[in-house]
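Asker: In our numbering, the protein residues as written are 310 to 664.
Positions of the beta carbon are idealized from the N, C-alpha and C atoms, including for glycine.
Below is the structure I would like to discuss, written out as structure tokens.
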Ligand code: CA
């Protein structure tokens with residue numbers, strides 16, 4: 310198994326900006342042990358079995374490579390960053406993180422994972438930035454872990470891997486998490502998870518449940534549920550981040566605004582209450598997006614044009630999508646030097662408080 314990026318032809322040139330990749334993943338070996346136990350019990354949901362059951366047992370070169378890279382927070386990762394010209398990685402516990410675990414295990418392991426990541430950041434302070442993993446299964450404990458992550462571990466963002474056993478953060482029972490994130494002024498990165506049991510079948514039967522499409526649909530749904538449930542009217546300073554070109558939501562803005570207004574006026578659903586602003590206003594004012602997995606200039610420019618150039622950040626999605634040619638393509642985008650620096654560097658420095 311090569312340790313080089315697939316398709317390495319040349320290195321990215323040095324640039325007058327830093328390349329900060331903002332949706333990069335790691336997996337402690339101890340977490341994989343817990344996953345193995347969940348898989349052995351046999352009652353894990355089909356999405357978890359389909360995702361981690363595959364990556365943890367497949368002999369394919371892609372799966373083996375990903376597992377090896379995920380568990381490294383040291384020289385292998387830095388070697389790959391150097392090969393791709395990545396100055397800094399903003400690193401998060403890979404999906405589903407602790408959210409596949411039972412409540413007690415999730416709460417205790419989130420602390421273990423955060424301590425491990427903080428240690429790696431201390432060892433490589435100019436290369437790594439950490440996100441705080443929390444267990445939504447226990448919102449009060451999650452709020453406390455945000456406090457500990459900020460004040461004790463020096464981390465300035467939170468990772469949540471979409472739904473937790475089929476439950477969504479739009480349910481007010483989770484809102485202690487939003488209160489803590491808003492109070493500490495740290496963004497929540499809403500990253501995909503495998504689809505919940507009651508959604509996966511029509512996706513999985515045709516192989517579309519994963520990163521190809523299902524992840525984006527489900528995470529986009531989750532972000533919309535957070536908007537339409539009134540979370541940002543209750544927590545107006547809350548910041549969220551979504552990857553994969555905003556899970557396509559920028560493209561939906563016109564229809565979302567039109568149909569949200571029409572649906573509210575029709576009083577068709579008790580669950581769809583009036584909001585203080587249009588859905589697109591929250592996308593523009595409370596969300597940042599990254600281009601993780603989407604090294605595609607037209608989509609990046611479209612998102613910059615509808616959300617603003619201060620709202621769109623670079624991400625690689627290491628190790629799942631480790632492609633040096635994509636870094637070169639992003640370097641070569643036809644874009645002003647000022648906007649390119651925002652995309653690669655300064656937006657991330659602001660959002661993640663990187664100093
Ligand atoms: Ca990812």
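1. Threshold first: 4 residues or longer. Then list the alpha helix (DSSP H) segments lying entirely within the stretch 528-606, N to C.
2. Within its chain, find whatever has a CB closer than 8 Å to the CB of residue 449; leave out the 5 residues flanking it on each side and keep chain order.
3. Within a Cβ cutoff of 6 Å, which residues of the same chain sit near residue 546, ignoring the five residues on either side of it in sequence?
4. How many whole angstroms separate the CB atoms of residue 444 and residue 412, which I take to be in contact at a CB cut-off of 8 Å?
5. Would you mind giving the Cβ-Cβ distance between residue 382 and residue 427, rounded to the nearest angstrom? I have them listed as a contact below 8 Å.
6. Distance check for residue 392 and residue 302, CA to CA, integer angstroms please.
7. Does the stretch 452-459 come close enough to the stretch 507-516 to have 3 or more Cβ pairs within less than 8 Å?
8. Rounded to the nearest angstrom, what separates residue 664 and residue 569 at their Cα positions?
9. Name the two residues that bound the continuous alpha helix (DSSP H) containing residue 425.
10. Report the three-state DSSP secondary structure of residue 364 (helix, strand or coil).
11. Pick out whichever of 466, 590 and 612 has its Cα sitting closest to the Cα of residue 599.
12. Could you pull the DSSP bridge partners for residue 622 from this structure?
13. Apart from the five residues just before and just after residue 620, which ones in its own chain have a Cβ nearer than 6 Å to its Cβ?
14. Counting beta carbon pairs with one atom in the stretch 356-374 and one in the stretch 420-437, are three or more of them shorter than 8 Å?
15. Terminal residues of the continuous alpha helix (DSSP H) containing residue 347?
16. Flag residue 501 as yes when its Cβ comes closer than 8 Å to any non-hydrogen atom of ligand 1, and as no otherwise.
17. Roughly how many angstroms lie between the CA atoms of residue 351 and residue 361, to the nearest whole one?
18. So residue 373 is in the beta strand (DSSP E); what residue range does that whole segment cover?
19. Does the Cβ of residue 332 lie closer than 8 Å to at least one heavy atom of ligand 1?
20. Using only the heavy atoms of ligand 1, determine whether one of them is closer than 8 Å to the beta carbon of residue 552.
21. Using the beta-carbon count (16 or more within 10 Å), is residue 465 buried or exposed?
Answerer: Taking the geometry as given:
1. Taken in chain order, the complete alpha helix (DSSP H) segments of 4 or more residues contained in the stretch 528-606 are 540-543, 553-556, 558-575 and 588-595.
2. Walking along the chain shown from the start, residue 449 turns up at place 140. The answer, listed in chain order, is 485.
3. As a working mapping, residue 546 is identified with position 237 in the chain shown. Excluding residues up to 5 positions away in sequence, 491 lie with their Cβ nearer than 6 Å to the Cβ of residue 546 in the same chain.
4. By one-based count along the chain shown, residue 444 stands at place 135. By one-based count along the chain shown, residue 412 stands at place 103. Right, the Cβ-Cβ distance comes to about 7 Å (below 8 Å), so this counts as a contact.
5. For the purposes of this step, residue 382 is taken as the residue at position 73 of the chain shown. For the purposes of this step, residue 427 is taken as the residue at position 118 of the chain shown. Not a contact, Cβ separation roughly 11 Å.
6. As shown, the chain starts at 310 and ends at 664. That puts residue 302 outside it, with no answer to give.
7. Under the 8 Å Cβ criterion, the stretch 452-459 does not count as touching the stretch 507-516, having fewer than three qualifying pairs.
8. Within the chain shown, numbered from 1, the residue matching residue 664 stands at position 355. Within the chain shown, numbered from 1, the residue matching residue 569 stands at position 260. Rounded to the nearest whole angstrom, the C-alpha separation of residue 664 and residue 569 is 40 Å.
9. One-based indexing of the chain shown puts residue 425 at position 116. That run of the alpha helix (DSSP H) goes 412-432.
10. Within the chain shown, the letter at position 55 stands for residue 364. When DSSP states are grouped into helix, strand and coil, residue 364 belongs to the helix group.
11. Looking up residue 599 in the chain shown gives position 290. When 466, 590 and 612 are compared, the shortest CA-CA separation from residue 599 is found for 612.
12. Position 313 of the chain shown, counted from the start, is the residue given in the question as residue 622. Beta-bridge annotation (DSSP): residue 622 is paired with 599.
13. Position 311 of the chain shown holds residue 620. Sequence-distant Cβ neighbours of residue 620 in its own chain, meaning closer than 6 Å and more than five residues away, are 597.
14. Short answer: they don't touch.
15. Along the chain shown, one-based indexing puts residue 347 at 38. That run of the alpha helix (DSSP H) goes 338-350.
16. Residue numbering aside, residue 501 sits at position 192 when the chain shown is read from its first letter. Ligand 1 has a heavy atom closer than 8 Å to the beta-carbon of residue 501.
17. In the chain shown, residue 351 corresponds to position 42, counting from 1. In the chain shown, residue 361 corresponds to position 52, counting from 1. Distance from the CA of residue 351 to the CA of residue 361, rounded to the nearest whole angstrom, comes to 13 Å.
18. For the purposes of this step, residue 373 is taken as residue 64 along the chain shown, with counting starting at 1. From DSSP, residue 373 is part of no beta strand (DSSP E) but of the alpha helix (DSSP H) over 370-379.
19. Stepping through the chain shown from its first residue, residue 332 is reached at position 23. Within the cutoff, so yes.
20. Residue mapping note: residue 552 aligns to position 243 of the chain shown, counting from 1. Flag set: Cβ of residue 552 near ligand 1.
21. Start at 1 with the first residue of the chain shown, and residue 465 comes out as number 156. With 16 or more neighbouring CB atoms inside 10 Å of its own CB, residue 465 falls in the buried class.
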